[in-house]
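Read through the structure below, which is laid out as structure tokens, and then see the notes.
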Amino acid sequence: MTLVYLLILAVVYIFLDLAMRKKLHTKMKKSYWRSFKGRRPLFITLEMVMLAAFLVLIFVIPPAYTSVFMFLFFFLLYVLRGFEEWKFERKQKEHYHSWFGATFFLFGTFILLMTDM
Numbered sequence: 001m002t003l004v005y006l007l008i009l010a011v012v013y014i015f016l017d018l019a020m021r022k023k024l025h026t027k028m029k030k031s032y033w034r035s036f037k038g039r040r041p042l043f044i045t046l047e048m049v050m051l052a053a054f055l056v057l058i059f060v061i062p063p064a065y066t067s068v069f070m071f072l073f074f075f076l077l078y079v080l081r082g083f084e085e086w087k088f089e090r091k092q093k094e095h096y097h098s099w100f101g102a103t104f105f106l107f108g109t110f111i112l113l114m115t116d117m
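Residue 66 in the UniProt record's numbering is what sits at position 66 of the sequence shown, and the numbering runs on without skipping anything.
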């Protein structure tokens with residue numbers, strides 16, 4: 001049942017993100033995964049530290065909570081990227097989409113926690 005809730009959430013997220021892109025007149029980037037070219041070294045370092053901490057936590061935490069930590073990792077990653085885009089590339093309005101993606105992962109975390117109880 002958890003998978004059904006997450007799929008419904010993903011479909012709603014995709015449609016709302018496309019509607020927001022149309023309203024804000026922002027185009028989808030060619031590459032969904034941002035390259036490191038042209039990014040600030042501080043934010044790249046923070047992302048690498050977060051990734052290393054997540055990989056260590058995978059082996060430390062119980063396997064039942066691995067998916068919860070994965071969603072929290074992506075939530076923090078999107079918040080950090082949204083902050084970077086807001087701070088340095090505000091005119092492109094891409095930070096709205098990053099923060100919207102962060103709320104998707106936060107809701108996904110809540111769904112995982114609520115259905116596991």
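Here a beta-carbon is modelled for each residue, glycine too, at the ideal position from N, C-alpha and C. From a predicted model like this one, the values you see are computed outputs, not experimental measurements.
Check                                                                                                              : Outcome
Alpha-carbon spacing of residue 75 relative to residue 108, whole angstroms                                        : 9 Å
Cβ-based burial, residue 97 [other Cβ within 10 Å; buried from 16]                                                 : buried
Reduced DSSP category for residue 85 - H, G, I as helix; E, B as strand; rest coil                                 : helix
Inter-stretch contact (C-beta, 8 Å, three-pair minimum) for the region 67–86 and the region 50–58                  : yes
8 Å Cβ cutoff met for residue 112 and residue 67                                                                   : yes
Contact the region 40–48 vs the region 57–72: 3+ CB pairs below 8 Å                                                : no
Buried or exposed (CB count within 10 angstroms, at least 16 for buried), residue 102                              : buried
Boundaries (first-last residue) of the alpha helix (DSSP H) holding residue 90                                     : Note, residue 90: premise wrong, no alpha helix (DSSP H); not H, not E.
Residue 88 classed as buried or exposed, judged by whether at least 16 other C-beta atoms fall within 10 angstroms : exposed
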